[in-house]
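Q: By numbering that gives the first Met the number 0, the letter at position 233 of the sequence shown is numbered 232, and the numbering carries on one by one without gaps.
For glycine and all other residues, C-beta sits at the position ideal for the given N, C-alpha and C.
Structure provided below as structure tokens; questions to follow.
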Amino acid sequence: MTSTSIHPTPRPVAGQQNMFNAVRSEWIRIWRPTFRYGAIGMLAAFAATISYFIYSSLPDPGSTETRRPGATTAADLEQPGGMIYALGPISTITGVILLSLWALAAASDYDTGMIRVLVQAQPSRLKLLTAKLVALTGFTVIACTVTVLATAAVARPLARIYDVETASWRSDAPVELLSGAFNFLVPTLVWGLIGLTIAVLTRSAGVAIGLGIGWLLVVENLIAITAPDLTDYLPGGTLSALAGGGTPDLEWSLALVLTTLYGIAATTISLVTFRNRDITS
């Protein structure tokens, strides 16, 4: 009599399935019309508006007026990758918007009491917050992609209107586009992480947004007055430098390292805090 071994049908690992369900749940809540159309539409509108102001404020080539320090010139826009030159100036407002959205996504769970339901459905708090991070990262990638494409789309008609030469834009255009998109996406993600971290610490979207914007617009400017050498190494200065492809005072590679460290620090603080703090306190 021969024995027949019965092999059970392979099933998905329960932990992986739970993680997938957690990410899916977070994505459904994030991909609502307010975020989808409001935020992404706003970013595309800002991209077009800021691009217009950059091109329309170009100095007249025949003018004898002294150029303002840091002012954009036609030569800046005519370089390879000039079609996404505006991403540098756009990055700050994009960072503020994504900081606010990430803070809202994290703090709203406390405001509505949803956090208790989520913890019951997914007891592992690390997996729960990681799922939110994954969903928000996916949303941010989509939002930044739309912003980059909107910036590139309006660049050529604006260049035609304001007599900006675009021949060099065809030089390694895909590489320049991907490089610019990377430099734009990474600091935007870190802005989002900072917003989420403050929201996890304070459990308030309003406080998180206020602290984030206050630091960027007030505190860093005050530090720039008293200790200008530190400006490039603060979060706002570092993230802006990376978005612009580096600056004379902070090269691209160092800006990328510092930005990554800020992102790791924010992620670690948020995960440790969320795991160890009582959700009802």
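Determine the contact status of L270 and T144, defining contact as a CB-CB distance below 9 Å.
A: By one-based count along the sequence shown, residue 270 stands at place 271. By one-based count along the sequence shown, residue 144 stands at place 145. Taking 9 Å as the Cβ cut-off, L270 and T144 do not qualify as a contacting pair.
Q: Apart from the five residues on each side of it in sequence, which residues of its chain come closer than 6 Å, Cβ to Cβ, to V265?
A: The residue given as residue 265 occupies position 266 in the sequence shown. The sequence as given places Ala at residue 265; Val does not occur at that position. So the qualifying residues of the chain are L192, I193, T196.
Q: DSSP state of Q78, grouped into three classes?
A: Taking the sequence shown and counting its residues from 1, the one referred to as residue 78 is at position 79. Coil at Q78, not helix or strand.
Q: If you scan the stretch 239 to 280 from start to end, which runs of the beta strand (DSSP E) of 3 or more residues do you find wholly inside it?
A: DSSP runs (the beta strand (DSSP E)) wholly in the stretch 239 to 280: none.
Q: Nearest-angstrom Cα distance between L216 and W168?
A: Locating residue 216 in the sequence shown gives position 217, where the first residue counts as 1. Locating residue 168 in the sequence shown gives position 169, where the first residue counts as 1. Roughly 33 Å separates the two Cα atoms.
Q: When the distance is taken between beta carbons, is M41 closer than 9 Å to T150?
A: Working through the sequence shown from its first residue, we reach residue 150 at position 151. Working through the sequence shown from its first residue, we reach residue 41 at position 42. Contact: no.
Q: Can you give me the Cβ contacts of A242 inside the same chain, cut-off strictly under 6 Å, excluding the 5 residues immediately before and after it?
A: For the purposes of this step, residue 242 is taken as the residue at position 243 of the sequence shown. Excluding residues within five positions, the ones whose Cβ falls inside 6 Å are G87, S90, N182, F183, P186.
Q: When DSSP labels each residue in this structure, what does S107 get in the three-state scheme?
A: Here residue 107 corresponds to residue number 108 of the sequence shown, with the count starting at 1. The answer is helix: DSSP assigns S107 an H, G or I state.
Q: To the nearest angstrom, report how far apart T230 and L221 are at their CA atoms.
A: Translated into positions along the sequence shown, residue 230 becomes position 231. Translated into positions along the sequence shown, residue 221 becomes position 222. If you take the alpha carbons of T230 and L221, they lie about 10 Å apart.
Q: Does E25 pass the burial test, meaning 16 or more other C-beta atoms within 10 Å, or should it be called exposed?
A: Working through the sequence shown from its first residue, we reach residue 25 at position 26. E25 comes out buried.
Q: So what's S178 in DSSP terms, helix, strand or just coil?
A: Position 179 of the sequence shown, counting from 1, holds the residue named residue 178. Helix.
Q: Quick one: Cα of V58 to Cα of E219, how far?
A: For the purposes of this step, residue 58 is taken as residue 59 along the sequence shown, with counting starting at 1. For the purposes of this step, residue 219 is taken as residue 220 along the sequence shown, with counting starting at 1. Note on identity: in this sequence residue 58 is Pro, with Val being the wrong assignment. Between P58 and E219, the C-alpha separation is close to 29 Å.
Q: Return the Cβ separation of A104 and I53 in integer angstroms, given the expectation that the two are a contact with Cβ distance under 8 Å.
A: Numbered from 1 along the sequence shown, position 105 holds the residue referred to as residue 104. Numbered from 1 along the sequence shown, position 54 holds the residue referred to as residue 53. The Cβ separation is near 31 Å, so there is no contact.
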